[in-house]
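Just so you know, the protein sequences line up as chains A and B, in that order. Just so you know, we're using numbering that gives the first Met the number 0 here: the first sequence kicks off at 0 and counts up by one. Just so you know, we're using numbering that gives the first Met the number 0 here: the second sequence kicks off at 0 and counts up by one. Where is the CB? At the ideal position from N, CA and C, for every residue including glycine. One structure below.
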Amino acid sequence: MKLQNLNFKILCLHAFLILLAIIVLFPFAWLIIASLKSQEDFFSGMFVPPGDGLFGLGWDKLTLDNYKALFKLGFGNSLVNSVFYASASALFATLISAATGYILAKSRFRGRSFITLIVLGALIIPPTLLIAPSYELLYSLGLLDSIWGLLLPTFAPAFGVFLFRQAVSQSVPDELIEAARIDGCSELTIFLVIVLPLVRPMIGAFMLITFLGMWNNFISPQIILQSESKQPLSVAIAQLRGVYRTDYGLLMAATVVSVAPVAALFLLLQKQFISGLTSGAVKG
Amino acid sequence: MTNPFDHLSEYRQYAWGHRMLHSISVALISLRSLSAGIWVIVALFLLSGIGVLFSTQSKSHKLEMWVFSPEHQAMYLPMIESQSGDERIKPHLSLLSIAAIKSRMMSGFFGGLPTADLIEVERSTVGQAFMGPIEAIGFRDLTDRMESEGLLELFNPPSLSPWSVQGRVFGLPHDVHPVMLAYRADLVEAAGIDLEQVETWEEFFDALAPMMTDADGNGINDRYAMSFWYTQPDNVELLLLQGGGHLFDAQSKPTLNSSINAEILSTIVSWCVDPSQPVIDIDEFSAAGHQARIDGKAIAYLCPDWMCSIWKMHVPLIAGKMKLIPLPAFKEGGRRTSVRGGTMLGFPRSSENFDTSWESAKLLYTSPEIARELYRSVDIITPVRSLWDDPVYDEPDPFFMNQRKGQMYIDLAPNIPTRTSSPYNTSAVLEVRDAAVNLASWAKSNEMYQPEDLEAKALELLEIAHQNIVRKMARNAFTGVEN
């Protein structure tokens with residue numbers, strides 16, 4: 000009797016989870032089917048256009064033409080650009096934020112509190128407020144329409160610096176650093192060998208946040224980069240929207256191309272990232 | 000006993016290179032503890048870095064042109080490529096969104112930052128560039144140059160108005176955008192109704208009244224005469240302009256509280272609140288709206304020339320079922336068209352290549368090939384009057400039952416209303432829209448549906464809208480408007 004109750008509960012639970020999964024996956028299924036429809040068929044049915052095939056649907060009307068057209072338009076280049084900007088930003092922002100956070104947390108120097116306050120203060124400034132001054136600064140530095148102009152401002156985010164300062168303060172005991180110094184370790188060695196492994200959970204999380212942030216970034220590349228050859232996917236997709244008309248099939252194919260790599264990457268590597276996130280949670 | 004510090008001092012005698020090697024090996028050992036996900040990102044960085052390093056770099060160009068429409072870009076490229084001479088004086092086209100053009104253009108004008116040599120600007124964006132004294136406008140005054148080269152006469156005069164400030168022209172017009180009424184001819188003709196003879200809005204609604212039936216008896220009409228609602232600011236402005244209304248005078252002073260505005264507003268609001276309700280709100284650009292068009296939910300639509308290409312692409316199922324007629328007038332003998340949208344080509348003052356840019360601009364904006372392509376690809380007629388007799392405009396259009404659509408729009412082009420270039424126009428249109436919403440609400444609560452019953456209230460609400468705009472403009476010392 001108890002076993003039967005248990006099975007029933009599990010069945011209900013799974014039915015509920017399947018329902019939730021359908022709700023979550025429905026827009027993705029729609030997106031993929033829409034990307035396979037021609038412009039003529041786009042509004043002719045919710046999913047597969049009507050036809051003479053199985054279930055009265057026109058399966059033969061689904062086509063890969065939108066994807067072919069997309070890559071003819073140079074989307075491959077935009078895809079490579081997006082991967083480069085996101086990975087470069089994630090790597091350097093993590094490294095620089097971790098190093099700065101370590102210095103602010105563990106080094107004693109004049110002005111440390113003031114710098115920490117500035118970092119904290121920078122957190123409350125809305126990013127949109129910084130667009131115009133950043134543009135002028137990049138112009139003065141001759142960095143407009145350059146990859147560096149886009150990447151440099153992302154290398155030392157105030158959020159990351161403060162996050163790592165807190166992580167180092169809480170996870171790295173002063174005694175450990177002092178012991179390393181007594182053993183003759185340089186500051187760089189201490190940072191790389193002692194500090195980084197101890198803040199490993201934060202590294203995984205922050206890298207994930209930065210990678211996705213840059214992958215989805217639209218405003219900065221739109222303002223800073225002018226050459227089409229340097230544009231990331233987010234901007235290239237926006238350019239597909241015509242003023243007079245929009246090829247929705249093409250737009251949906253571009254959206255799939257932009258969502259699929261990053262979704263696949265994090266679905267495949269979620270265990271690694273989650274293990275990174277939780278490894279520091281339990282102390283032995 | 001050995002002193003441990005002896006080893007330390009010994010270690011410090013190593014060469015700098017050895018220490019670096021040591022640090023690197025230590026770093027590599029420590030990095031081994033990082034998760035596989037992080038290593039994948041490192042690998043992506045290295046691989047994509049190689050791709051970016053070897054990607055083709057764009058050629059250096061002397062002239063830069065910003066456009067916001069992929070269709071315009073596709074039309075201009077072959078023309079630019081066919082230009083003979085130095086590659087560097089051919090404009091390089093950058094396709095940017097309207098928002099990006101606005102941000103970069105205004106940063107350039109306010110902060111002295113670089114902009115392109117030629118910028119295509121949409122009407123909704125250009126107002127901000129015209130804010131401030133005339134001598135501080137970031138675009139070059141083209142009036143004298145156009146006059147000396149006979150271009151002022153070349154372009155359709157009303158099409159210059161949105162790009163003119165105090166009689167000075169700051170941009171070349173790209174289009175005219177006259178408006179006609181498109182209707183489902185298949186349904187209308189099946190009902191034995193002839194809309195070709197209709198002259199006024201009243202006659203139009205009377206003619207279609209028999210088609211507004213409720214076959215299933217659910218209290219809701221199955222069909223409506225027209226798609227329009229007072230919450231659509233663009234269409235409210237379009238009808239106000241058609242009826243002779245105006246939101247600003249020639250000196251860009253607000254005139255929202257005029258009696259003609261009140262008259263038009265009360266008429267169009269009455270269409271929506273009347274118990275017989277001949278109009279319905281159908282979205283112009285959404286899938287739901289397109290489906291309603293296919294279903295024939297509304298019979299007629301306000302149709303600027305650019306809308307034709309949108310329907311051809313998004314609602315191909317109504318091809319061969321539509322026809323066009325001039326807009327019915329508000330009064331007999333009144334204006335039979337209006338205008339909606341528009342684009343200009345501006346030349347920033349900061350550009351040092353004006354003469355070269357000017358020659359390129361003339362090529363793109365006055366060439367018969369571009370005009371023809373503009374019509375064929377997006378159904379837009381050129382503002383260059385000398386090109387209006389091109390045979391392309393006489394071609395029958397199968398989408399509109401083989402009507403000679405181009406010529407029909409051209410016949411109306413000289414009569415489009417003149418428009419303001421005031422930077423406060425968008426705000427004013429939204430204020431009028433709000434007045435329309437309040438008027439509709441008042442009409443329903445008082446059960447007053449006739450235009451003449453609504454006029455006094457409309458005037459009262461427009462006065463409030465007018466004062467709101469006056470207050471907004473008074474904050475700007477250069478408008479000459481005081482609170």
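If you keep only unbroken alpha helix (DSSP H) runs of at least 4 residues inside the segment 158-199 of chain B, you get 184-189. In the displayed model, B/Met104 falls within a helix according to three-state DSSP. Contact between the segment 20-36 of chain A and the segment 44-51 of chain A is present, with at least three C-beta pairs closer than 8 Å. Pairing B/Glu462 with B/Asn256, the inter-Cα distance amounts to about 5 Å. By the C-beta density criterion, B/Pro90 is buried, having at least 16 other C-beta atoms within 10 angstroms.
Excluding five sequence positions before and after B/Ala206, the CB atoms of its chain that fall closer than 7 Å to its own CB belong to Ile192, Leu194 and Val197, given in chain order. The three-state reading of DSSP puts B/Ala224 in strand, counting E and B together. For A/Val234, the enclosing alpha helix (DSSP H) starts and ends at Leu232 to Gln238.
Here the segment 425-438 of chain B makes no contact with the segment 177-193 of chain B; the two share fewer than three CB pairs at distances below 8 Å.
Among the residues of chain A, none has a CB under 9 Å from the CB of B/Leu239; the nearest is roughly 24 Å distant. Taking B/Pro157 as the centre and dropping the five residues before and after it, the same chain places the C-beta of Ile415 and Thr417 closer than 6 Å to its C-beta, in chain order. Counting only the Cα atoms, B/Arg335 lies some 54 Å from A/Val82. At the C-beta level, B/Val278 and B/Tyr223 come within 7 Å of one another. The shortest CA-to-CA distance from B/Phe154 to any of B/Pro413, B/Met210 and B/Glu80 is the one to B/Pro413.
Only Val41, Leu43, Phe44, Ser47, Gly48, Gly50, Val51 and Ser54 from the segment 41-54 of chain B bring a Cβ to less than 7 Å from some Cβ of chain A. The distance from the Cβ of B/Gly345 to that of B/Phe138 is about 4 Å, consistent with a contact at the 8 Å cut-off. Closer than 7 Å at the C-beta level to chain B, one finds these residues of the segment 59-87 of chain A: Asn76, Val79, Asn80, Val82, Phe83, Ser86 and Ala87. When DSSP states are grouped into helix, strand and coil, B/Gln402 belongs to the strand group.
If you keep only unbroken alpha helix (DSSP H) runs of at least 4 residues inside the segment 98-155 of chain B, you get 122-125, 142-147 and 150-153. The beta carbon of B/Val164 is closer than 8 Å to those of Phe129, Ile133, Ile136, Ser251 and Ser420 in its chain, skipping five residues each way along the sequence. Annotated three-state conformation of B/His245 is coil, per DSSP. By the Cβ test, the segment 166-179 of chain A is not in contact with the segment 252-259 of chain A, since fewer than three Cβ pairs between them sit closer than 8 Å. Contacts between B/His289 and chain A, judged by CB atoms closer than 7 Å, involve Phe42 in chain order. Within the segment 151-185 of chain B, contact with chain A at the beta-carbon level (separation under 8 Å) is assigned to no residue. Annotated three-state conformation of A/Ile146 is helix, per DSSP. A distance below 7 Å separates the beta carbons of A/Met206 and A/Ala89. Neighbours of A/Phe210 in chain B, taken as residues whose beta carbon is under 7 Å from its own, are Ile40 in chain order. Rounded to whole angstroms, the Cβ separation of A/Thr99 and A/Ala155 is 7 Å, and the two are in contact under 8 Å. Between the segment 447-467 of chain B and the segment 264-272 of chain B there are three or more inter-stretch CB-CB distances shorter than 8 Å, so the stretches are counted as touching. Contacts with chain B at 7 Å (Cβ-Cβ) do not include A/Ile181.
Counting along the chain, the unbroken alpha helix (DSSP H) around B/Leu363 starts and ends at Phe353 to Thr365. Partner residues in the beta bridge of B/Ser93, as assigned by DSSP, are B/Trp65. For A/Glu174, no Cβ of chain B is located within less than 7 Å of the residue's own Cβ. Going by beta carbons, A/Leu268 and B/Val39 fall inside the 7 Å limit. The secondary-structure analysis by DSSP pairs B/Ala297 across a beta bridge with B/Tyr223. Linking B/Trp357 to B/Leu373 through their CA atoms gives a straight-line distance of about 20 Å.
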